[in-house]
Amino acid sequence: MPYSDKVVDHYENPRNVGSFDKNDVAVGTGIVGAPECGDVMKLQLKISADGVIEDAKFKTFGCGSAIASSSLATEMVKGKTLEQALAIRNTDLVQELALPPVKIHCSVLAEDAIKAAIADYQSKQAKMKSAETLVNSVEVTGAVAVAA
Amino acid sequence: MTIPVSAVLAPLLTTTGYFDLLGVPVAVDDATLTRRFRELSRIYHPDRHANADAETQTVALDATALLNDAYRTLHDPFTRAEYLLRSKGGVSLNDLQKNAKPPQDLLMQVMELQEALMEYQEARLDDDTGTMRRLTPTLTEARTEFTDAYETLAGRLSGLFAAFDSGDDRAGVLASVAEVVGTRGYLRRVLTNLNGTLTDTDSTGG
Numbered sequence: 160m161p162y163s164d165k166v167v168d169h170y171e172n173p174r175n176v177g178s179f180d181k182n183d184v185a186v187g188t189g190i191v192g193a194p195e196c197g198d199v200m201k202l203q204l205k206i207s208a209d210g211v212i213e214d215a216k217f218k219t220f221g222c223g224s225a226i227a228s229s230s231l232a233t234e235m236v237k238g239k240t241l242e243q244a245l246a247i248r249n250t251d252l253v254q255e256l257a258l259p260p261v262k263i264h265c266s267v268l269a270e271d272a273i274k275a276a277i278a279d280y281q282s283k284q285a286k287m288k289s290a291e292t293l294v295n296s297v298e299v300t301g302a303v304a305v306a307a
Numbered sequence: 062m063t064i065p066v067s068a069v070l071a072p073l074l075t076t077t078g079y080f081d082l083l084g085v086p087v088a089v090d091d092a093t094l095t096r097r098f099r100e101l102s103r104i105y106h107p108d109r110h111a112n113a114d115a116e117t118q119t120v121a122l123d124a125t126a127l128l129n130d131a132y133r134t135l136h137d138p139f140t141r142a143e144y145l146l147r148s149k150g151g152v153s154l155n156d157l158q159k160n161a162k163p164p165q166d167l168l169m170q171v172m173e174l175q176e177a178l179m180e181y182q183e184a185r186l187d188d189d190t191g192t193m194r195r196l197t198p199t200l201t202e203a204r205t206e207f208t209d210a211y212e213t214l215a216g217r218l219s220g221l222f223a224a225f226d227s228g229d230d231r232a233g234v235l236a237s238v239a240e241v242v243g244t245r246g247y248l249r250r251v252l253t254n255l256n257g258t259l260t261d262t263d264s265t266g267g
């Protein structure tokens, strides 16, 4: 079955290929895979303090549909809030790329990658907040110690 | 020799599973599996029933096709595992993909390895021998590691097959089988890529 023009376009000119530093607290990284075919997909989101996705990058080792799905996903999430990004469904990708039924799992993978990246970001933020609380209490204790 | 072939063959076609068809346990060893397959194939081979009535000939043909499918499926431990999941666990690979918690460490490792492989392949196109030399040890080590991991998985399966036959905690056993099958896809993909890439180097390196 031939790929649609849109899949070919994303495959030949993938948008937003690359990586962000996965240790950056403003970056959420989602790595997902399809055990059946061994495809792996990494999707990273750079998220502003007010919760808007400023930039997105991906790397996918898989078939044309998997590459096109993740490429399109990075385009779609940019400028969206986390809530809006979480509302993206694989069917949106299927429709836009005209994926045949046998390739629908590629779009599912891209949806999962968005969710995984946001979950990673949120767990990082939560960790940072609890670390901040800890630092604050240490600073207070430290100040007391100096005063003493 | 005349045997009431229809009577003999008919039950075979209604047998529910490949294991029952060949009369073997899930943990059957290779030699026994092959022996059973050959025994049954001899009995049902269409050539033996060339002079039989049309119905018997059809049954012999169907039975032979079924036996071939069964043998091909059970012979490889991974396709046997997939079949076990399908037939006894009601698990399709699709569901497996949806439900299996992806092994994050493995996915990360696979991702990094694929990136290194791509860098290596690009370096080769550019005749960038420095980069190739830098990456070769990593890739060679990875090949050894993943080959070992692949064999370990196959070994884990034979243990799980035996556990399944023992009948204890079948749901737990099937969950482990599903995990092994899921991991295998990634390993196989990376190994294919590694072998394809490194073979070229080996031959040019003499």
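Protein chains in written order, with our numbering: chain A, 160 to 307; chain B, 62 to 267.
For every residue, glycine included, the Cβ atom is placed at its ideal position computed from N, Cα and C.
Because the structure is a prediction, the values reported are computed rather than measured.
| Check | Outcome |
| --- | --- |
| Sufficient close CB pairs (3 or more, under 8 Å) joining the region 169-178 of chain B to the region 213-226 of chain A | yes |
| Own chain residues within Cβ distance below 7 Å of D140 (chain B), not counting five before or after | It should be noted that the sequence gives Thr, not Asp, for residue 140 (chain B). Within the same chain, T140 (chain B) has close Cβ partners T134. |
| Interface residues of chain B facing F217 (chain A) [CB-CB closer than 7 Å] | What F217 (chain A) touches in chain B: nothing, since even the nearest Cβ is about 11 Å away. |
| Residues bridged to K205 (chain A) [DSSP beta-bridge criterion] | A:V186, A:D214 |
| Counterpart residues of T240 (chain A) in DSSP-defined beta bridges | A:V211 |
| Candidates A:N182, A:I273, A:Q284, A:M287: closest to L252 (chain A) by CA position | A:I273 |
| Short-range partners of chain A found in the region 229-247 of chain B, where Cβ spacing is below 8 Å | V242, G243, T244, R245, G246, Y247 |
| K181 (chain A) Cβ short of 6 Å to the ligand MN heavy atom set | With respect to small molecules bound, the structure shown includes none, and the ligand MN cannot be examined in it. |
| V176 (chain A) (DSSP reduced to helix, strand or coil) | strand |
| At least 3 beta-carbon pairs within less than 8 Å: the region 227-243 of chain A vs the region 264-271 of chain A | yes |
| Candidates B:V238, B:G228, B:A184, B:L200, of which the one nearest R217 (chain B) by Cα | B:V238 |
| Per-residue DSSP class, three states only, for G243 (chain B) | helix |
| Beta-carbon spacing of V242 (chain B), F207 (chain B) below 7 Å | no |
| Local Cβ density within 10 Å of G192 (chain A), reported as buried at 16 or more and exposed below that | buried |
| Neighbourhood of D226 (chain B) by C-beta distance below 8 Å, restricted to the same chain and skipping five residues each side | P86, V87, A88 |
| CB contact below 7 Å: I273 (chain A) versus chain B | no |
| Continuous alpha helix (DSSP H) stretch holding G191 (chain B): start and end | 190-227 |
| Per-residue contacts from Q175 (chain B) into chain E (C-beta, under 9 Å) | No chain E appears in this structure, whose protein chains are A and B. |
| Contact check, L101 (chain B) vs L128 (chain B), beta carbons under 7 Å | yes |
| CB contact below 7 Å: L168 (chain B) versus chain A | yes |
| Nearest-angstrom Cα separation, counted from D229 (chain B) out to K201 (chain A) | 39 Å |
| Residue closest to D209 (chain A), alpha-carbon to alpha-carbon, out of A:G189, A:E195, A:G177, A:E242 | A:E242 |
| Residue closest to E291 (chain A), alpha-carbon to alpha-carbon, out of A:F179, A:E171, A:V184, A:S163 | A:V184 |
| Chain A contact for R250 (chain B) (CB, 7 Å cutoff) | yes |
| L172 (chain B) at chain A interface by Cβ criterion, 7 Å | The amino acid at residue 172 (chain B) is misidentified as Leu; the sequence shows Met. Closer than 7 Å: yes. |
| For Y170 (chain A), three-class secondary structure by DSSP | helix |
| Test item: CB-CB of A232 (chain A) and I212 (chain A) under 7 Å | no |
| E116 (chain B) versus T77 (chain B): straight-line alpha-carbon distance, rounded | 21 Å |
| Member of B:A121, B:R147, B:T258 whose CA lies at the smallest distance from the CA of A184 (chain B) | B:T258 |
| CA-to-CA distance, E240 (chain B) to G233 (chain B), given in whole angstroms | 11 Å |
| Per-residue burial, Q165 (chain B) [other beta carbons within 10 Å of its own, 16 or more giving buried] | exposed |
| Closer than 7 Å to chain B by CB, E234 (chain A) | no |
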